[in-house]
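Asks: The sequence shown begins at 1 in full-length UniProt numbering and counts up one residue at a time. Dropping a structure here in structure tokens format, bear with me for questions.
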Amino acid sequence: MELPQLDRKTLCQWSTLSYPGLVKELCALFIGSELIPKDELNDLIDRAFSRFRHREVVHLSRLRNGLNVLELWHGVTYAFKDLSLSCTAQFLQYFLEKREKHVTVVVGTSGDTGSAAIESVQGAKNMDIIVLLPKGHCTKIQELQMTTVLKENVHVFGVEGNSDELDEPIKTVFADVAFVKKHNLMSLNSINWSRVLVQMAHHFFAYFQCMPSLDTHPLPLVEVVVPTGAAGNLAALPGAALPLPLQPSSRKLSWLLA
1 MELPQLDRKT LCQWSTLSYP GLVKELCALF IGSELIPKDE LNDLIDRAFS
51 RFRHREVVHL SRLRNGLNVL ELWHGVTYAF KDLSLSCTAQ FLQYFLEKRE
101 KHVTVVVGTS GDTGSAAIES VQGAKNMDII VLLPKGHCTK IQELQMTTVL
151 KENVHVFGVE GNSDELDEPI KTVFADVAFV KKHNLMSLNS INWSRVLVQM
201 AHHFFAYFQC MPSLDTHPLP LVEVVVPTGA AGNLAALPGA ALPLPLQPSS
251 RKLSWLLA
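Okay, here's the thing in structure tokens:
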């Protein structure tokens, strides 16, 4: 795949966009109009963010000593995964309706992925979701978020062991290609490209919020600290693909994804 290149003019234009507007522009770079027409893509993204509590969807809080915190927790389940999964589910449902197909989503969770995945697909006609919940290894609120959604397409099972242990049978299932095809199985893990694509917007939005101007040459460097478990959210760092002067750091904290 040939990666798009962003020039300074594009970055300047994007710097004034809202968070949903930025997600729309980023997604349009990789989702061509032959896949989803731009107007329909924008509608899907608006629909994905319609349940967020904050009017800006994502908000940058400015603290003391140059530290800024990017608030990614305004979704239904209070997890940053609400942002990417809400969009991913909309894209998936769009294609399933067009092709008149049905899939079963299988998710293993340590807590936040299961809740966010359930919220993103609950009630969808073309999707069922099976979530494996490790008993005793999630917070009470996460467990309730998963077990109190009473929709016909949502199926939650408590399992023994932690999230790493329950990943093993899921890997075994997906290694059986014939079984996967027969039952139309898929997953929504942290390295799903659609999730990575939407999460890239976090970094662009925070950079633009931190920089009062993009007129300087070269663009100023922003150091970023990303709290992470399995490192799925780190996969969305723009890096060389979409050049933005960001530097992961554990020393200077310029802004924090929380």
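Every residue gets a Cβ at the ideal spot worked out from N, C-alpha and C, and that includes glycine.
Tell me, please, whether the stretch 65–81 touches the stretch 121–128 by the rule of three or more beta-carbon pairs shorter than 8 Å.
Replies: At 8 Å Cβ cutoff, the stretches do not touch.
Asks: Suppose the cutoff is 7 Å on Cβ atoms and the five residues either side in sequence are ignored; what does the same chain contact list for V57 look like?
Replies: Only Y19, P20, F49 and H74 meet the Cβ criterion.
Asks: Using only alpha-carbon positions, find the residue among A117, G114, S86 and S190 that is nearest to R47.
Replies: Comparing Cα positions, the closest option is S86.
Asks: Pull up the distance between the alpha-carbon of T16 and that of F208, whole angstroms please.
Replies: Distance between the alpha carbons of T16 and F208 is about 8 Å.
Asks: According to DSSP, simplified to helix, strand and coil, what is A240?
Replies: Note that A240 has pLDDT 43, beneath the 50 cutoff, so the model's placement of it is unreliable and no number is given.
Asks: With a threshold of 16 other CB atoms inside 10 Å of the CB of Y33, please say whether the residue is buried or exposed.
Replies: Contrary to the premise, residue 33 reads as Ser rather than Tyr in this sequence. Exposed, since its Cβ has fewer than 16 Cβ neighbours within 10 Å.
Asks: Rounded C-beta distance between V131 and I141? I'm assuming under 8 Å.
Replies: Contact flag wrong, Cβ pair sits at about 15 Å.
Asks: Among R51, R53 and E25, which one has its Cα closest to the Cα of N42?
Replies: Minimum Cα distance to N42 is reached at E25.
Asks: Are there 16 or more other CB atoms within 10 angstroms of the CB of K81, so buried, or fewer, so exposed?
Replies: Buried, since its Cβ has 16 or more Cβ neighbours within 10 Å.
Asks: So if DSSP puts D128 in a beta bridge, which residue, or which two residues, is it bridged to?
Replies: Answer by DSSP bridge pairing, in chain order: T104.
Asks: Please return the same chain residues whose Cβ sits closer than 6 Å to the Cβ of R51, not counting the five positions on each side in sequence.
Replies: So the list reads V76, once near-sequence residues are dropped.
Asks: Express the C-alpha separation of Q90 and L44 in angstroms, rounding to a whole number.
Replies: Spanning the two alpha carbons is a distance of roughly 6 Å.
Asks: In the DSSP assignment, find the unbroken beta strand (DSSP E) run with H155 in it and report its ends.
Replies: Here the beta strand (DSSP E) through H155 covers V154 to V159.
Asks: Whole-angstrom Cβ separation of Q122 and N153, contact assumed at under 8 Å?
Replies: The pair is a contact, with the Cβ atoms about 7 Å apart (cut-off 8 Å).
Asks: For the beta strand (DSSP E) that contains S61, what are its first and last residues?
Replies: Looking at the DSSP string, the run of the beta strand (DSSP E) that includes S61 is H59 to R62.
Asks: The alpha helix (DSSP H) with L22 in it runs from where to where?
Replies: Y19 to F30 is the span of the alpha helix (DSSP H), which, as asked, contains L22.
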